[in-house]
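Chemist: Residue numbers (our numbering): 1436 to 2440. This is the structure, below, for whatever I ask next.
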């Protein structure tokens, strides 16, 4: 305990084990640490935990709700209303603000809670040697100097230096991007401190998985000091770190960042656009208030002030935030059903504008499991596995033999195998350490004639071991020749095993059959490793090499299978060189990670939608190219000259300068052997081309690219916590098709946002037109008369419009949503079509509401034009009968026009009476169209019914809404309604005929 503080161990892969033991102090590789020393180190250095996945922060979620311009505008209006003692209006606005915050907080909280459920320690427990005893502890309690015991299937709990091991391999794809396991060797000492992580064969890194073998290792780094932690720390870095700024400059920068956050100007394009729009509305509201005051010559009485507030309130769509939040929340639920968890709700609208997808191969485009795709036997026959949907299930798919075998039937037992093929299958089964289980009948069950495997669901199959060996074992089990079956039938005993080693790239086992003095040697490995050991002619070696190259060109990983029978001796069982000499080749096995069945169709949907798919993988270029052809990223008829320009090795791409990359006619569709830096450069290159990109990833090494991309999507099943923390979305099934589902949902949401924005803004424009012109309507005291009361305005904007807008937010996707190019996120939702439409519709609605007011007050049945009563803005008196009836008529007209507007904007160009010609025709088509969205239908029906009590209930109408019941005025309402529908339908017809650029929503126009 009196030793100096524990110093960091830099470049542990270059240090001798004896020296490492001294550096770690009081660490004994045989007996481990003492409990007291371990407790002291834990207290000194803290728990072994990566601080990437933060806990829920309700305060931050709350601040996110009020950090937008529209909320601040509503707060300002509420404050003014309270100041002038207009408590009804102020109370309603306060309720709206509270509703917006509660709805937004709840949805964001649920989204954060869902993503937090995906965060878990990669290794919750581990086995360590403490005081000479092997004990299990929580991974958080691990300290530097602890000796960890590892077995197949374990997750590496920290950064470790290997002390000893047998046939140990790990999957480090989360750091290196390499899908194949890496063989580890304790005795290796590396000279270069900067050697890449994937080449540090004596190191084990946090969150890696042991795929084969066993070993012991000493902890050299924990928590944020691990390679995983370093990347997490980089993602959490201070944005001003490394900048030589003065205190004043730092303060100014932080102030700018804070103000942008408060005003909502640092989010997604939609958030920024809406925040800027809210600020514009606030400025417009202030201008309109000034206009109202100027008309009164700045003699500001309570009535003038209230009128000014009415005009200001009419400009602001109070329900926009709540409707937007609810629509996005519904979108997140739809995404969750499609296996996508939206971590940042704002990303849902952003993903709809994607132009490029940069996706990993393994586990996303492919199934993430190896399968024995083809075998080639030395007699010239070949077997191909077809239509295998579940790589671990031996009954999935079929085996087709050809071209030299007459029997093309699918064999189901070893009895149907030829002598050569049976020897091949026995070899790949016995030279194998994997275990495949059906989950019901036990380990290693076969697909024999008496097997019950056909009753077992594919999801029940599990496997333990290195993926290549699992694939070979499953292939052998297709013929009833699992390792356990062969050993039992032939009563064989394993007498020697020479494990796979990266230096020799092969594995060999020696078996002895009962009652025989012969040794059966089975070997598998890379062709270049087996070829020199074959007892064969040069012509045969050339032929098998050519066949191997042919399989490799198909993207298959090729293994050579060989055997021999020799006399059993100490030399054949203890000497690897002797055991592996004079082998007889049996054939070749071609393995690959098969594409998901739905991937090809999903890629084609992306192409039809104008989205370019790029594959960025750590695999070999031939494997990547073959899979890219198979899933449709590369066209099957692509000429060889073009392949060189769209398929590239990552080191070649990295060697190009920015100008050279920008000069490429097309960015590579396939990048092989990608590093984290390559992925980041790809995102930067896409940004320079003004593309909007999605980046997928599962490893810690993918985190920088996930964060830099416009939308980062992490893998939930096999992804690291750091990647999930950096991402905007998480796939729970790691499936590329789910990304396409997310894009389609994003496009649907974008369309619907435009629809309810149009509906809300039309109402605001109509009210502003009505209120500004009505400034000229003076009563007997020279005061302007309200054509709509403050409560009527709030009722129309909140009660009537909110339900309709929510219904529009729930509209289903248009039939052509994935058959048109991505919308421009830089242009945002406020396209020229939307701007023109809202002005035209608003003008129609405002003019007709004005006509309803004037025809009632100044028409043949109205009062004297010179007299509009006295003090009719504050309360009812006998002189206000015409004004109160006119307000009720105007209010009813406004409400009914809003109801039909919600139906008209379901499609920007198609007529309400022929909105779904693909589905409905005939006289009832309009009703079938309306009923298709039940939420919108009931919002329209409810808005229609709610108008009558508001107009006719005593006291409520006169005292609250400042209007009274009407009779003959309903004729005016109906006339205005009919005129509005006719005008809108005529305008849509003009758009379909003359305004093609704005009719992008209608591909049939």
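We treat Cβ as the ideally placed atom computed from N, Cα and C, and that holds for glycine. Computed from a predicted model, the values in this text were never measured in an experiment.
Select from 2218, 2235 and 1483 the residue whose C-alpha is nearest the C-alpha of residue 1734.
Modeler: Measuring from the Cα of residue 1734, the nearest candidate turns out to be 2218.
Chemist: Less than 6 Å between C-beta atoms, sequence neighbours within five positions excluded: which residues of the same chain meet that for residue 2253?
Modeler: Closer than 6 Å at Cβ, skipping near neighbours: 2040, 2044 and 2179.
Chemist: Taking 8 Å as the threshold, find out whether the stretch 2079-2091 comes into contact with the stretch 1816-1830 through three or more Cβ pairs.
Modeler: No, the stretch 2079-2091 does not touch the stretch 1816-1830.
Chemist: Which residue marks the beginning of the beta strand (DSSP E) containing residue 2119, and which one marks its end?
Modeler: It is not in any beta strand (DSSP E) - residue 2119 instead sits in the alpha helix (DSSP H) that spans 2111-2123.
Chemist: In the DSSP assignment, what are the bridge partners of residue 2027?
Modeler: According to DSSP, residue 2027 bridges with 1806.
Chemist: With DSSP as the reference, label residue 2099 as helix, strand or coil.
Modeler: Three-state result, residue 2099: coil.
Chemist: With 16 other CB atoms within 10 Å as the buried threshold, where does residue 2171 fall?
Modeler: When all chains shown are included, residue 2171 counts as buried.
Chemist: Inspect the beta-carbon positions of residue 2288 and residue 2322 and report whether they are closer than 9 Å.
Modeler: In contact: residue 2288 and residue 2322 (Cβ atoms closer than 9 Å).
Chemist: In angstroms with no decimal places, state the Cα-to-Cα distance between residue 1381 and residue 2050.
Modeler: The chain is shown only over 1436 to 2440; residue 1381 falls outside these bounds and no answer can be derived.
Chemist: On the three-pair Cβ rule with 8 Å, is the stretch 1999-2008 touching the stretch 2215-2234?
Modeler: No: the two stretches stay apart, fewer than three of their Cβ pairs being nearer than 8 Å.
Chemist: Quick one: which unbroken alpha helix (DSSP H) runs of 4-plus residues sit fully inside the stretch 1993-2046? Chain order, please.
Modeler: Complete alpha helix (DSSP H) runs here, min 4: 2005-2009, 2011-2014 and 2034-2043.
Chemist: Out of curiosity, what's the CA-to-CA distance linking residue 1756 and residue 1717?
Modeler: So the two alpha carbons sit approximately 15 Å from each other.
Chemist: Applying the 10 Å Cβ sphere with the 16-neighbour rule, what's the burial state of residue 2259?
Modeler: That one is exposed.
Chemist: Mark residue 2224 as exposed unless 16 or more other C-beta atoms lie within 10 angstroms of its C-beta, in which case mark it buried.
Modeler: So residue 2224 counts as buried.
Chemist: Looking at residue 2343: is its Cβ nearer than 9 Å to the Cβ of residue 2426?
Modeler: Against a cut-off of 9 Å, the Cβ pair of residue 2426 and residue 2343 comes out as a contact.
Chemist: Within a Cβ cutoff of 8 Å, which residues of the same chain sit near residue 1940, ignoring the five residues on either side of it in sequence?
Modeler: So the list reads 1960, 1961, 1963 and 1964, once near-sequence residues are dropped.
Chemist: Hey, would you say residue 2269 sits closer than 9 Å to residue 2195, going by beta carbons?
Modeler: Cβ distance not < 9 Å, so residue 2269 and residue 2195 don't count as in contact.
Chemist: Expressed to the nearest angstrom, what Euclidean distance is found between the alpha-carbon atoms of residue 1947 and residue 1930?
Modeler: About 7 Å.
Chemist: Looking at the structure shown, is residue 2245 part of a helix, part of a strand, or coil, going by DSSP?
Modeler: In this structure, residue 2245 counts as coil in the three-state DSSP scheme.
Chemist: So is residue 1530 buried or exposed if we call it buried at 16+ other beta carbons inside 10 Å?
Modeler: With fewer than 16 Cβ atoms within 10 Å of its Cβ, residue 1530 is classed as exposed.
Chemist: Please report the distance separating the alpha-carbon of residue 1749 from that of residue 1608.
Modeler: Residue 1749 and residue 1608: Cα-Cα distance of roughly 57 Å.
Chemist: Spatial neighbours of residue 2058 within its chain, please: CB distance less than 6 Å, with the 5 preceding and 5 following residues excluded, ordered by chain position.
Modeler: Excluding sequence neighbours, residue 2058 sits near 1990.
Chemist: Once DSSP output is grouped into helix, strand and coil, what is the label at residue 2343?
Modeler: Here residue 2343 sits in coil by DSSP.
Chemist: Suppose the cutoff is 7 Å on Cβ atoms and the five residues either side in sequence are ignored; what does the same chain contact list for residue 2422 look like?
Modeler: These residues qualify, in order along the chain: 2275.
Chemist: According to the neighbour-count rule (16 or more other Cβ atoms, all chains shown, within 10 Å of its Cβ), is residue 2409 buried or exposed?
Modeler: The residue is exposed, with fewer than 16 neighbouring Cβ atoms inside 10 Å.
Chemist: Could you compute how far the alpha carbon of residue 2023 sits from the alpha carbon of residue 1862?
Modeler: Each residue's alpha carbon lies about 12 Å from the other.
Chemist: If residue 1513 and residue 1778 are in contact, beta carbons under 8 Å, what's the gap, nearest whole angstrom?
Modeler: Between residue 1778 and residue 1513 the Cβ distance is about 32 Å, and since that is not below 8 Å, they are no contact.
Chemist: With 16 as the cutoff for other CB atoms within 10 Å, does residue 2391 come out buried or exposed?
Modeler: Its Cβ having fewer than 16 others within 10 Å, residue 2391 is exposed.
Chemist: Going by alpha carbons, who is nearest to residue 1596 out of 1464, 1477 and 2404?
Modeler: Of the candidates 1464, 1477 and 2404, the one whose C-alpha sits nearest the C-alpha of residue 1596 is 1464.
Chemist: Determine whether the beta carbon atoms of residue 1809 and residue 1818 lie at a separation below 9 Å.
Modeler: Against a cut-off of 9 Å, the Cβ pair of residue 1818 and residue 1809 comes out as a contact.
Chemist: Taking just the CA atoms, how far does residue 1537 sit from residue 1379?
Modeler: The first residue shown for the chain is 1436 and the last is 2440, placing residue 1379 beyond what the model contains.
Chemist: Who pairs with residue 1817 in a beta bridge, going by DSSP?
Modeler: Answer by DSSP bridge pairing, in chain order: 1811 and 1837.
Chemist: Could you give the residue range of the alpha helix (DSSP H) that holds residue 2272?
Modeler: Note, residue 2272: alpha helix (DSSP H), 2267-2293.
Chemist: Determine the burial state of residue 1772: buried for a count of at least 16 other Cβ atoms within 10 Å of its Cβ, exposed for fewer.
Modeler: Exposed, by the Cβ-count rule.
Chemist: Near residue 1910, which residues of its chain fall below 6 Å by C-beta distance, leaving aside the five closest residues on each side in sequence?
Modeler: Correct list, in chain order: 1807.
Chemist: Could you tell me which residues DSSP pairs with residue 1431 in its beta bridges?
Modeler: The structure shown does not extend to residue 1431, since the chain is modelled only from 1436 through 2440, so no value can be given for it.
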